[in-house]
Each structure stands twice: as structure tokens, then as C-alpha cells.
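Taking it in order: structure first as C-alpha cells, then the write-up.
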Amino acid sequence: MQIEPLSMTHVTESRASEHTPAIFDATIPVVDMNDFFNPETRGKFVAELAQALREVGFFAVVNTGVDVAALDNAYDAARAFFALDIAEKQKIQCPHFNGQRGYVPGESAKDEKRGDFKEFLHIGRPVSSEESARMGIYPNVWPDNFELEEPMKALFQALERHMVPIQEAMAEALGEASGFFCDMTKEGDVLLRAIHYPANPPSDSIWAAQHTDIDLFTILPRATARGLQVLNDAGEWIDVVVPDNAFIINGGDMLENITNGEFRSSVHRVVDCGGNTERYSMVLFVHPRADDDLTPLPQCIARTGGVQKYAQATRWDLLEERLVDLGLASPEMIQHLGASGLMERLLDVDRASVKAMKVLRAHGVASDRVLQRLAEIE
-2 MQIEPLSMTH VTESRASEHT PAIFDATIPV VDMNDFFNPE TRGKFVAELA QALREVGFFA
58 VVNTGVDVAA LDNAYDAARA FFALDIAEKQ KIQCPHFNGQ RGYVPGESAK DEKRGDFKEF
118 LHIGRPVSSE ESARMGIYPN VWPDNFELEE PMKALFQALE RHMVPIQEAM AEALGEASGF
178 FCDMTKEGDV LLRAIHYPAN PPSDSIWAAQ HTDIDLFTIL PRATARGLQV LNDAGEWIDV
238 VVPDNAFIIN GGDMLENITN GEFRSSVHRV VDCGGNTERY SMVLFVHPRA DDDLTPLPQC
298 IARTGGVQKY AQATRWDLLE ERLVDLGLAS PEMIQHLGAS GLMERLLDVD RASVKAMKVL
358 RAHGVASDRV LQRLAEIE
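Take the sequence shown: its position 353, counting from 1, is numbered 350 in my numbering, and each next residue is one higher.
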């Protein structure tokens, strides 16, 4: 799977103001993509990225050269799709894909009882059926007689280019070869999510409850309205408004796992901003291949106290537990999780999802150890 590399040419095509960093709250770390491509400042970029991931798990990137036209076209297509009757949208709802492709009417955050007040659409890499089978990823599903595929594919490819410099900098910060994460994700199940947050959520609901993302990291370009908040290192919820030519990077749970917590997974949420306003956003979730080993790296264990604090696990292991927790997993996936041994490894490091354990129990596939742990906490 070839990804068109981002270059200095792409970055400088779009001329955002040099004052872009001032848009962000002072507690949000900001890195400049121009620094990555300049040999004299690349080390500065890597150091700033690493500090942000160690301290808060997120940062803003400015001077990205992100394709604004592709973003706007995708938003226009998403608005039109989400405005369809529910019966039309449900034609591309695919429960057997575990919420990983097509239309998803909602989910709830990890260990959260309330459902998020949103609907979304998942798009994977635009690959052939042969590549889909070889890479072990689900095929995309598109509505009939509705122009959605081309705008979404164009945005996917526009955002995908930005994965490479971020991954190279992360790898270098950890003492790995620059291609360490790129090798994992070049055929990984990277997902573009188009999200619609309807106006005026009920008083007992929220657009998206406090959560972390399950992936390696997430790219968030400009949304159509306010609402995104990140938890800073002082424990404060900070509003984030992303301008053109910039995006936010959130570290994910898989990155936290492989770094033994050296790099943090960003805690964030989306709150209704009032005024009878709906919100649309586009989010790129960066995933490795299903069988990539995300067990903590030895050097990360050494730098975080010498004790392994996170489980031995693959990307598929960690995703499977999260999908069960979110209520998106098929019965077959639930059964597989119960027999995989992952929950026991997560219990070893006190990181097993209570909600996922309860689902396993409800389906009669919880192990004795899982049942014992549930009995202890209930």
C-alpha cells in the first residue's frame, strides 16, 4: 500500500498566518510542520512532539498544508448523507463489520453508561477487493445513487499523507528507526470517521463523553463548530478550535500501550456549544496491522520505572476489547474475546474494561477469573 509522501511543497502550498499558534489555548502544545522538513529544526520538532505526548498526550500542528478544498467537499457530502431518512442511512449499516465500516447510529464511551448523541460513518482505505482480503480489513460500503465515495476518498488520501512525518517523529523520539510506525500502518486499517452531532442533545446526554481513542494516534482537522475539549495537565477542560492549515493530534491507547505509558493517550470530549447548533467533524484514526505486536518496548519500560504496566497485546486484541466495550462487537467477536486470554492479561496490569467483562458474562463466555473480578467489584 503506497502512501503519497508529504513534502515541503505540500506544506508551503497553503499559506496560513504565522500567528496561527495564538488561536490555541496557551496550555496546548504547538509544533510547526515546517520544522520537520528543515534539517536544522527537525530535532526541535521531534523534541516538542515527544514532550507533548509525555505530558498531555496531544498537540496542535500548524503550517500543515492540509487540503482545505478536500475537507470542505467532504463536509458537504457528509451533511447531505446525514440529512437522509434513517431508513436510507441504515442501508449501509453493517453490524457484521463491528462498526468498522458504513453507517453507525451511535456508541457510548468506554465505561460510560450514557450513549453519545451522535451518528457517524466509517470509511477505510480505498483498496481493491484483493488488497482488502490480503490485508485482513473490511471493504468499504457506499450508498447507492448518492455522491459520497469520491469526496470521502479524496479527504482520506489528503489526510493520510500527514501520517508519515508524525509517525517518523514519534519513532525517533522513542529511539526507534524512523520507519518503525510507518511499517506498521502502511497496510493498517486506518479509518476516516465522518461524525454528525445533532443540535440540542437531551439534558441527560452529551455529544461525546470523556474518552480516549483506541488507535495509535488521531488526526483532527477543522470541524464545523466548537465543542471539542481536551484535558490539560492541570486537569482543566480546554476548548479547542482548529483553524485551516492546522490539526490536532491525539495520542491513542495503542501508543500508550507500546510505550508503557511514556506517551499518553489524550483524554477528550465533545460538548454541545448551545445556540441550536449541530456539529460535523472529520477524524482520521491511525491503526497498525491487526497482528502487529504492541507489547511495551523494552526501552520504554526502562524509562517508566522498569516495570511493565501494560499488557502483551496485538492491535486486534486491544481493538476487540474496545469494540465489545462500545457495544459495536458482533456475537462472534464477543465469543472470540472471551477465549483469547486478553482479558486475563489486562487484569494482570489492572487495565481490563469493566463494561467489556460484563458483556462477556452476559454472553456466557467470561472466564472464571473475569467472573471473580466482577464479583469483587460489584
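We treat Cβ as the ideally placed atom computed from N, Cα and C, and that holds for glycine.
Given a cut-off of 9 Å on the beta-carbon distance, is the pair V283 and F214 in contact? By 1-based counting over the sequence shown, the position of residue 283 is 286. By 1-based counting over the sequence shown, the position of residue 214 is 217. Their beta carbons are under 9 Å apart, which means V283 touches F214 by this criterion.
Is it true that the CB of I216 sits closer than 9 Å to the CB of K115? Against the sequence shown, residue 115 aligns to sequence position 118. Against the sequence shown, residue 216 aligns to sequence position 219. Judged by beta-carbon spacing, I216 lies beyond the 9 Å limit of K115, meaning their Cβ atoms are not closer than that value.
On the premise that F143 lies in contact with L189, defined as a C-beta separation below 8 Å, what is that separation, rounded to the nearest angstrom? Start at 1 with the first residue of the sequence shown, and residue 189 comes out as number 192. Start at 1 with the first residue of the sequence shown, and residue 143 comes out as number 146. That pair is no contact at about 17 Å.
Backbone CA spacing between V227 and G96 [nearest angstrom]: Within the sequence shown, the letter at position 230 stands for residue 227. Within the sequence shown, the letter at position 99 stands for residue 96. One Cα belongs to V227, the other to G96, and the distance between them is close to 25 Å.
If you measure between the beta carbons of V53 and A155, is that distance less than 9 Å? For the purposes of this step, residue 53 is identified with residue 56 of the sequence shown, where counting begins at 1. For the purposes of this step, residue 155 is identified with residue 158 of the sequence shown, where counting begins at 1. For the pair V53 and A155, the CB atoms are not nearer than the 9 Å cut-off.
Give the secondary structure of R276 by DSSP, where H, G and I count as helix, E and B as strand, and everything else as coil. Residue 276 sits at position 279 when you count from the first residue of the sequence shown. Taken through DSSP and simplified to helix, strand or coil, R276 comes out as strand.
Please state the DSSP three-state secondary structure of E317. For this step, residue 317 is matched to residue 320 along the sequence shown. When secondary structure is reduced to three states using DSSP, E317 falls in the helix class.
If you follow the alpha helix (DSSP H) that N137 is in, where does it begin and where does it stop? Translated into positions along the sequence shown, residue 137 becomes position 140. Annotation for N137: no alpha helix (DSSP H) segment contains it, and DSSP assigns it neither H nor E.
Which residues DSSP lists as bridging E116, in chain order: Here residue 116 refers to the residue found at position 119 of the sequence shown. Answer is H193, bridged to E116.
Using C-beta distances below 6 Å, list every residue in its chain close to Q332, excluding the 5 sequence neighbours before and after it, in chain order. As a first step, residue 332 must be located in the sequence shown, where it is residue number 335. Excluding five sequence positions before and after Q332, the CB atoms of its chain that fall closer than 6 Å to its own CB belong to V362, given in chain order.
What residue ranges within the stretch 307 to 362 form continuous beta strand (DSSP E) runs of no fewer than 3 residues, ordered along the chain? Here no run is fully enclosed.
With which residues is V267 paired in a DSSP beta bridge? Working through the sequence shown from its first residue, we reach residue 267 at position 270. According to DSSP, V267 bridges with A205, L225.
Along the chain, where does the beta strand (DSSP E) that runs through A243 open and close? As a first step, residue 243 is located in the sequence shown; it is residue number 246 there, counting from the start. The continuous beta strand (DSSP E) containing A243 extends over residues 243 to 248.
Nearest CA to the CA of F94: which residue from G133, R111, F56? By one-based count along the sequence shown, residue 94 stands at place 97. Checking every option, the nearest Cα to that of F94 belongs to G133.
Taking just the CA atoms, how far does L291 sit from Q309? Within the sequence shown, residue 309 is the residue found at index 312, counting from 1. Within the sequence shown, residue 291 is the residue found at index 294, counting from 1. For Q309 and L291, the distance between alpha carbons rounds to 7 Å.
Provide the residue(s) that pair with T215 in DSSP beta bridges, ordered along the chain. For the purposes of this step, residue 215 is taken as the residue at position 218 of the sequence shown. Paired residue(s): N247, F282.
Under 7 Å Cβ to Cβ from E259, same chain only, skipping five residues before and after it: list those, please. As a working note, residue 259 is residue 262 in the sequence shown. For E259, where only same-chain residues beyond five positions count, the Cβ hits under 7 Å are R51, C297, R300, T301.
State the beta-bridge partners of G99 as determined by DSSP. Position 102 of the sequence shown, counted from the first residue, corresponds to residue 99. BP columns for G99 point to Q90, H119.
Taking the alpha carbon of V161 as the reference point, which residue from V346, G338, S263, F33 has its own alpha carbon closest? In the sequence shown, counting from the first residue as 1, residue 161 sits at position 164. Nearest in C-alpha terms to V161, of all of V346, G338, S263, F33, is F33.
Suppose you measure from the CA of V43 to the CA of T24; what does that come to, to the nearest Å? Within the sequence shown, the letter at position 46 stands for residue 43. Within the sequence shown, the letter at position 27 stands for residue 24. One C-alpha to the other measures close to 19 Å.
CA-CA distance, E373 and A359? For the purposes of this step, residue 373 is identified with residue 376 of the sequence shown, where counting begins at 1. For the purposes of this step, residue 359 is identified with residue 362 of the sequence shown, where counting begins at 1. Their backbone Cα atoms lie some 17 Å apart in a straight line.
Over what stretch of residues does the beta strand (DSSP E) that includes A57 continue unbroken? Indexing the sequence shown from 1 puts residue 57 at position 60. Following the DSSP letters along the chain, one finds A57 inside the beta strand (DSSP E) bounded by residues 55 to 59.
Count the other CB atoms within 10 Å of the CB of S200; is the residue buried (16 or more) or exposed (fewer)? On the sequence shown, residue 200 is found 203 positions in, with the first residue counted as 1. Exposed, since its Cβ has fewer than 16 Cβ neighbours within 10 Å.
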